[in-house]
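Q:
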Amino acid sequence: MSDSGSERKISRRKLLLGGAATAAVVLVKSSFGKIVQTSLPESSGVTADPTKVLGAFPAEIGTRSSFEKLLKKPSFSSSRTPLQALYGTITPSDLHFERHHAGVPLIEPDGYELLIHGLVDKPMVFSLADLKRFPSVTRIAFLECSGNFRTGKMEMSPQDICGLTSQSEWTGVMLSTLLREVGVRSGASWLLAEGSDAAVMTRSIPLRKALDDAMIVYAQNGEAIRPEQGYPARLFLPGWEGNTSIKWIRRIEVGDQPYMTREETSKYTEEVKGGKIRQFSFDMDARSIITYPAYPQRVERGWVEIRGIAWSGRGKIVQVEVSTDAGKNWYTASLPGLILDKAHTQFKYLWYWDGGETEILSRATDETGYVQPTMQQLIAARGESMGGYHLNPVTAWYVQRDGQVFHRPER
Amino acid sequence: MIRKFTFPLALSILIYSCSGVPNTDQGADTNAQVALHKEAEENWPERFGFGKEASSELIERRDIDISPDGKGLPAGSGTVALGRSVYLSKCVACHGTRTSNGSYDRLFAIDASKVHPDSVAKGKRTKTIGNYWPYATTLYDYINRAMPFNSPGSLQPADVYSLTAYLLYENGIVKEDVVLTSTSLPRIIMPARRRFVEDDRRGGAEVK
Chain H
1 MSDSGSERKI
11 SRRKLLLGGA
21 ATAAVVLVKS
31 SFGKIVQTSL
41 PESSGVTADP
51 TKVLGAFPAE
61 IGTRSSFEKL
71 LKKPSFSSSR
81 TPLQALYGTI
91 TPSDLHFERH
101 HAGVPLIEPD
111 GYELLIHGLV
121 DKPMVFSLAD
131 LKRFPSVTRI
141 AFLECSGNFR
151 TGKMEMSPQD
161 ICGLTSQSEW
171 TGVMLSTLLR
181 EVGVRSGASW
191 LLAEGSDAAV
201 MTRSIPLRKA
211 LDDAMIVYAQ
221 NGEAIRPEQG
231 YPARLFLPGW
241 EGNTSIKWIR
251 RIEVGDQPYM
261 TREETSKYTE
271 EVKGGKIRQF
281 SFDMDARSII
291 TYPAYPQRVE
301 RGWVEIRGIA
311 WSGRGKIVQV
321 EVSTDAGKNW
331 YTASLPGLIL
341 DKAHTQFKYL
351 WYWDGGETEI
361 LSRATDETGY
371 VQPTMQQLIA
381 ARGESMGGYH
391 LNPVTAWYVQ
401 RDGQVFHRPE
411 R
Chain S
412 MIRKFTFPLA
422 LSILIYSCSG
432 VPNTDQGADT
442 NAQVALHKEA
452 EENWPERFGF
462 GKEASSELIE
472 RRDIDISPDG
482 KGLPAGSGTV
492 ALGRSVYLSK
502 CVACHGTRTS
512 NGSYDRLFAI
522 DASKVHPDSV
532 AKGKRTKTIG
542 NYWPYATTLY
552 DYINRAMPFN
562 SPGSLQPADV
572 YSLTAYLLYE
582 NGIVKEDVVL
592 TSTSLPRIIM
602 PARRRFVEDD
612 RRGGAEVK
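Going down the list, the protein sequences come from chains H and S. Take the first sequence: its letter number 336 is residue 336 in this note's numbering, and every next letter is one higher. Take the second sequence: its letter number 199 is residue 610 in this note's numbering, and every next letter is one higher.
(1) Within 10 Å of its beta-carbon, does Asp476(S) have 16 or more other beta-carbons around it, so buried, or fewer, so exposed?
(2) Answer with yes or no whether the minimum CB distance from Ser136(H) to chain S is below 9 Å.
(3) Between the C-alpha atoms of Val531(S) and Asn542(S), what's the straight-line distance to the nearest angstrom?
(4) Please classify Ile252(H) as buried or exposed, where buried requires at least 16 other C-beta atoms within 10 Å of its C-beta.
(5) Quick one: residues in its chain with C-beta nearer than 7 Å to the C-beta of Ser573(S), no 5 flanking neighbours on either side, listed in chain order?
(6) Taking the alpha helix (DSSP H) that His506(S) falls in, what are its first and last residues?
(7) Can you name the start and end residues of the beta strand (DSSP E) that Val137(H) belongs to?
(8) Which residues in chain H sit within 8 Å of Glu609(S), going by Cβ to Cβ distance?
(9) Is Pro479(S) near Tyr580(S), with beta carbons less than 9 Å apart?
(10) Candidates Leu114(H), Gln257(H), Lys267(H) and Gly230(H): which alpha carbon is nearest Arg208(H)'s?
(11) Would Asp570(S) pass as an interface residue toward chain H - the criterion being a Cβ-Cβ separation below 9 Å?
(12) DSSP on Leu17(H), reduced to helix/strand/coil?
(13) Do we get a CB-CB distance below 9 Å when we pair Ile116(H) with the residues of chain S?
(14) Please report the straight-line C-alpha distance between Glu108(H) and Ser127(H), rounded to a whole angstrom.
(15) Among the residues of its own chain, which have a CB less than 8 Å from the CB of Thr89(H), if the five just before and after it don't count?
(16) Does DSSP put Ala426(H) in a helix, in a strand, or in coil?
(17) Thinking C-beta only, is Thr539(S) closer than 9 Å to Arg509(S)?
(18) Can you look up Ser166(H) in the DSSP assignment and give me helix, strand or coil?
(19) Would Ala465(S) pass as an interface residue toward chain H - the criterion being a Cβ-Cβ separation below 9 Å?
(20) Going by DSSP in three states, Glu241(H) sits in which element: helix, strand or coil?
(21) Could you check whether Glu305(H) and Tyr268(H) sit closer than 9 Å to each other, using their CB atoms as the reference points?
(22) Report the three-state DSSP secondary structure of Ala380(H) (helix, strand or coil).
(23) Step through the CB atoms of chain S and report whether any lies within less than 9 Å of the CB of Met124(H).
(24) Decide if the segment 219-236 of chain H is in contact with the segment 169-187 of chain H; the criterion is three or more beta carbon pairs, one per stretch, under 8 Å apart.
(25) Report buried or exposed for Tyr331(H), applying the criterion of at least 16 other Cβ atoms within 10 angstroms of its Cβ.
(26) How should Val299(H) be labelled, buried or exposed, when 16 other C-beta atoms within 10 angstroms of its C-beta is the threshold for buried?
(27) Is the Cβ of Arg598(S) closer than 9 Å to any Cβ of chain H?
(28) Do Ser593(S) and Ala486(S) have their beta-carbon atoms positioned less than 9 Å apart in this structure?
(29) With distances taken Cα to Cα, identify the nearest neighbour of Pro123(H) among Asn454(S), Glu617(S) and Ala465(S).
(30) Roughly how many angstroms separate the alpha carbons of Ser79(H) and Lys73(H), rounded to a whole number?
(31) In this structure, how does DSSP classify Val53(H) when only helix, strand and coil are distinguished?
(32) According to DSSP, Lys328(H) sits in a beta bridge with which residue or residues?
(33) By how many angstroms is the C-alpha of Gly383(H) removed from the C-alpha of Gly462(S)?
(34) Whole angstroms are fine: how far does the CA of Pro50(H) sit from the CA of Gly387(H)?
(35) Hey, would you say Gly614(S) sits closer than 9 Å to Ser312(H), going by beta carbons?
(36) Taking DSSP as the reference, what is the three-state secondary structure of Pro628(S)?
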């Protein structure tokens, strides 16, 4: 049955998959009634050749290959994007990070209403259908939690270190369009945005941001925004700490002073020098991370394309530098893809690894001239007992002689 | 693009500095109407006419937030004694007591010397209401909307006022015989308020 050609194919497949090798591809009916191809083990004795067996038929919903294992890492209140396993800069919607304060609510779209009231000419409620009638806007932008930093161990992937950031193409209506519709009265300077989760999450938003690039988003990557990201509509504030982009938004009150909600006082604030507590730290500072090679990947001696993403909440990335000798020398990486305002931006650097142990690092510069700092610089600026938010230090990866890559913790 | 009116802006900065509300140049914009029209396309109508006017009944039902000046606080009052008993029945499992920890945030320090923000303690102090929260009204707002965790929004005003009184007492802010009302609560000045400063990061060359 087996000629030398197919024997070669099977052993290469065994090499690639390791362990139990797929020997045969056959059609079966899945539990949903969909006809799919599946693999049988070698011991079944059937030939592993998809050119000999009819493939799966078209279906209503597509699937990932069963060979791809892409998973977020959930905790009680958050879930991290596997940055090291992704390509390009768009995060697949079901892998977008999560951070919730009382879980994900179930909201029916038909009964959904957004109330806008306060210092306005005419308080209004908008249904989801109403929101979709307004002139719409689509943009690609990142979202990031201001607590998106962990360190301390060598066995940490980009997902573990900073997996609370993702990027989508967002579609919705500009908040300025809605505020124009209701009419904002003079004297207004702050908004209270309120969500309809069990935390009834609230944040105060300066009117200037509301009129700038704030959006009420109802679609994500071509379809309705996901429940985990705020279905049926959320506030989206490009470049700002994720907590301000209130999900499942139900109310906006226009006022003339900040409301001093629990999140913006006792939580999303950070201690800085002199016993002070920094409040309303909205902007996400520029940051970069090498996503390949990174833990838990492994490199071979020879040419390696170092890849990663860089982003800034203050605008565009203008430069990313890479070091392949633990920071002694820095070289400019290329930015081959789209360079967008407040968006994850690809960087690449072609490197010949000679097999010696070393450290590779990246640092980003944004359009304000801000250069991503080291941890030492952050401590020098904010004090030893600095708070844990808005930490964006340069991340180093340690490359061992055997090609294994580990995180090199800052301290 | 947002026109700056320097005189009203300077005046509002002065007022904000005196009141203790963080001064910010991000918020004050006395000419919102001009800013709103800046991006309107040339062919847009003045109003699209989508949506419905909100009834005052809906607004009253939804408008549950409490401002730092006390706006929004309902009629009613609370005491430390009542707050203590509500806390023991609804809060202690998650938030712990003076002598033991619960599963979630500590609301007052076990060590009484650590409740005052000026107390010197080795290493990091636990963040508590007494040493970190800048406004007492936030307690009412948050407990009312989000607590207890497994049945949020189920407490009556008397319970929320009382829990607020009890927590402020345990944090060394008020006396045990205090009666909190919509007038007395916003008058409480939290010790941590003067620690709060506005974010001064602006990007650029300096790391802050």
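For glycine and all other residues, C-beta sits at the position ideal for the given N, C-alpha and C. Bear in mind that the values here come from a model prediction, so they are computed numbers and not experimental data.
A: In short, the structure shows the following:
(1) buried
(2) no
(3) Low confidence applies here, because Val531(S) scores a pLDDT of 41, under 50, leaving its location unreliable and the question unanswered by this model.
(4) buried
(5) Gly489, Thr490, Leu493, Gly494 and Val497
(6) Val503 to His506
(7) Val137 to Glu144
(8) Arg278, Gln279 and Phe280
(9) no
(10) Gln257(H)
(11) no
(12) Residue placement at Leu17(H) is flagged as unreliable, the pLDDT there being 45, under the threshold of 50; the coordinate-derived value follows with that caveat. Three-state result, Leu17(H): helix.
(13) yes
(14) 11 Å
(15) Ile140, Gln167, Ile309, Gly337, Leu338, Ala343, His344, Thr345 and Gln346
(16) Because chain H is modelled from 1 through 411, residue 426(H) falls outside the range shown and cannot be assessed.
(17) no
(18) strand
(19) yes
(20) strand
(21) no
(22) helix
(23) yes
(24) yes
(25) exposed
(26) buried
(27) no
(28) yes
(29) Ala465(S)
(30) 5 Å
(31) coil
(32) Beta-bridge pairing links Lys328(H) to no other residue.
(33) 50 Å
(34) 56 Å
(35) yes
(36) What the structure shows of chain S is the stretch from 412 to 619, and residue 628(S) is not part of that stretch, so it cannot be assessed.
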